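**Q**
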Amino acid sequence: MRKNPAGPLLAAALAGVLTLGPGPAAAHDGVAASSSTLLAAMPVGGPTGWAAAGAGTTGGAGAAPDSVHVVETRAELVEALANHGDPTAPKIVLVRGDIAGNETDDGRLLDAGDYAPGWDLERYMACFGPEGTEWSDARHPWCGEQRRLRVTGSNAQKRQIQLTVPSNTTLLGLGQDARLLGVNLTINTGRDIVVRNLEFEAPVDHFPSWDPWDGEDGAWNARFDAFSVVTGTNVWIDHCTFGDGRHPNGEAPTGFHGEPVERHDGLLDMEDGTDYVTVSYSRFTDHSKTLLIGSGDGRGDRDRGRLRMTFHHNLFADSAQRSPRVRFGQVHAYNNYFTGATDHPDYPMLYGIGVGLESAIVSEYNAFDYSGPGASAEVALANLNGHRFLDRGSWFRGRPADLNAVARRQFEVRAAEARALPEPPEWALREFTTDVGWRPADVYDYRPQRDPRAVRATVSALAGSGRLAVPWS
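In mature numbering (1 follows the signal peptide of the UniProt record, and there is no 0), the protein residues as written are -27 to -1, 1 to 446.
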């Protein structure tokens, strides 16, 4: 592990100001992104949005020279985050190349057989019967053992791949190829954290659990997110790339009903009172349950008055759902670009933004370019018990889209069904409104682009890892 980078890099990282790399001007539908268009959209200084509120977000600014670390292995990353026994002191961690969550200190890569010798997914499935309807230890001689191995293996994998980022940290990828592969990066009650210029390949859960009672036909539940934030405060995630990478759903083992086993959880989940977050210029690609804000309708005591977040200039490409899915939070989403197809073989589009219970979403000038059978502005949203939503200026395939009407229509259908129940839930008795109770402009300054061609071009050119010029020698 190397320390004390060159002065210019240290100064830039401490200030939180890094120059965007000279990537090619993107073109979409024949419209090129001019240099002036791209410069107008670049982040200058710190974050725009909710991460600039509260105490502000500066990460490892003020780090001492011996608290600047360059890491190339998992062991070095663990050591750098510990920061000489003072983990919450300001620190800058620079990631070079690939770091694998399954890598041991001696460089070996672990798999399911290392975490739980004797584990067998097919034997585990057989204990539910051919249709996956009910578990029985008595169904086969090995069922009790497989049940125990799934739990012990999952816990062993968690101990290996879960790495926690403490407060006052800047985690920054060097160059164009800094990647965290199969790492479950977490923030747990940490504050003032900056993560930039990193690619996250979602972990493969070797020990997913099957729940016959989840939904109409049952469902697989994977355990590990690529990045999870629990009770984190003042977090800026910028110029990162998230996706399933080398492990797409189409290559997963076949589970019940001919469907693939779900081995991935979320790409970025934020819950339990996480607050003051900005996610900017990042890519979320090739994934199903992408981005969750708030972990349950019954957890309002933890989340009400928190979950204040901004998403701007992000690309959601073949992100089947939860882009994001919001409960409770005051969430501002502007100038994001959404692409996907309802007939994609691995990640068929279900919906873009999920309007959940007591959410207060302000959507502005987002571009949705979904295709395939049934693709329309209706796919841009899904009402999930939320009675408030406001959109200004968004487009579907380049044309103005009345997403407020979509949100209202979906809510009224869902509420009518819920009101027919013997004891209707409280949310179903409310009226839909575009008055979300707050205005982003009252909290922070921002300048949205107001042309779908500019949004497409800017996001295509600038979003994702490998697009920050980080000087290093």
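Every residue gets a Cβ at the ideal spot worked out from N, C-alpha and C, and that includes glycine. Just so we're clear, the structure is a prediction, and the values are computed from it rather than from any experiment.
What's the call for residue 358, buried or exposed, on a 16-neighbour Cβ count within 10 Å?
**A** Looking at its Cβ environment, which holds 16 or more other Cβ atoms inside 10 Å, residue 358 is buried.
**Q** With C-beta atoms as the reference, is residue 204 less than 7 Å away from residue 245?
**A** yes
**Q** Per DSSP, what kind of secondary structure is residue 98 in: helix, strand or coil?
**A** helix
**Q** For residue 207, count the other beta carbons within 10 Å of its own beta carbon; 16 or more makes it buried, fewer makes it exposed. Which is it?
**A** buried
**Q** Grab me the residues of residue 214's own chain with a C-beta within less than 6 Å of its C-beta, minus the 5 sequence neighbours each way, in chain order.
**A** 172, 256, 437, 438
**Q** Just verifying my parser: in three-state terms, what is the DSSP assignment at residue 411?
**A** coil
**Q** So what's residue 439 in DSSP terms, helix, strand or just coil?
**A** coil
**Q** Since residue 26 sits in a beta bridge, which residues does DSSP pair it with?
**A** Bridge partners of residue 26 according to DSSP: none are assigned.
**Q** Could you tell me the distance, in whole angstroms, from the CA atom of residue 68 to the CA atom of residue 147?
**A** 6 Å
**Q** Report the rounded CA-to-CA distance for residue 401 versus residue 60, giving the unit in angstroms.
**A** Straight across, the Cα-Cα distance linking residue 401 with residue 60 is about 46 Å.
**Q** Nearest-angstrom Cα distance between residue 283 and residue 191?
**A** Taking the straight line joining both Cα atoms gives about 34 Å.
**Q** State whether the region 177 to 193 contacts the region 122 to 133, with contact taken as three or more CB pairs (one from each stretch) at a distance under 8 Å.
**A** In this structure the region 177 to 193 touches the region 122 to 133; the number of beta carbon pairs closer than 8 Å is three or more.
**Q** Would you please state the rounded distance, in angstroms, between the beta carbons of residue 259 and residue 291? I believe it to be under 8 Å.
**A** 5 Å
**Q** Who does residue 242 pair with in a DSSP beta bridge?
**A** 201, 265
**Q** Taking only three categories from DSSP, how would you classify residue 120?
**A** helix
**Q** DSSP three-state call for residue 431: helix, strand or coil?
**A** helix
**Q** Is residue 109 buried or exposed, if buried means 16 or more other CB atoms sit within 10 Å of its CB?
**A** exposed
**Q** Just to check my reading of the structure: residue 155 and residue 134 have Cβ atoms closer than 8 Å, yes? What is that Cβ distance to the nearest angstrom?
**A** 6 Å
**Q** State the Cα-Cα distance for the pair residue 96 and residue 184, rounded to the nearest angstrom.
**A** 16 Å
**Q** Just checking, does the region 299 to 310 make contact with the region 39 to 57 on the three C-beta pairs under 8 Å criterion?
**A** no
**Q** What is the rounded straight-line gap between the Cα of residue 227 and the Cα of residue 234?
**A** 6 Å
**Q** Would you list the residues sitting across from residue 257 in a DSSP beta bridge?
**A** Under DSSP, residue 257 takes part in a beta bridge, and its partners are 215, 289.
**Q** Compute the beta-carbon to beta-carbon distance between residue 350 and residue 333, rounded to the nearest angstrom, for a pair I have assumed lies under 8 Å.
**A** About 21 Å separates the two Cβ atoms, so there is no contact after all.
**Q** In this structure, does DSSP put residue 391 in helix, strand or coil?
**A** helix
**Q** So what's residue 426 in DSSP terms, helix, strand or just coil?
**A** helix
**Q** Run through DSSP, which three-state label would residue 126 get?
**A** helix
**Q** Given a cut-off of 7 Å on the beta-carbon distance, is the pair residue 368 and residue 425 in contact?
**A** yes
**Q** Rounded to the nearest angstrom, what separates residue 98 and residue 320 at their Cα positions?
**A** Rounded to whole angstroms, residue 98 to residue 320 spans 24 Å at the Cα level.
**Q** What is the DSSP secondary structure of residue 38, reduced to helix, strand or coil?
**A** helix
**Q** Enumerate in chain order the residues of its own chain whose CB-to-CB distance from residue 229 is below 8 Å, with the five nearest sequence positions on each side excluded.
**A** 98, 101, 104, 105, 183, 190, 191
**Q** Using the C-alpha atoms, what's the distance from residue 32 back to residue 88?
**A** 34 Å
**Q** By Cβ distance, which residues of its chain are closer than 7 Å to residue 356, with the 5 residues on each side in sequence left out?
**A** 328, 380, 383, 384, 387
**Q** Would you list, in sequence order, the uninterrupted beta strand (DSSP E) runs of no fewer than 3 residues that lie entirely inside the region 296 to 332?
**A** 303 to 307, 310 to 314, 326 to 329
**Q** Distance, Cα to Cα, residue 330 vs residue 298?
**A** 10 Å
**Q** Looking at residue 122 and residue 91, is the spacing between their C-beta atoms short of 7 Å?
**A** yes
**Q** Going by DSSP in three states, residue 149 sits in which element: helix, strand or coil?
**A** coil
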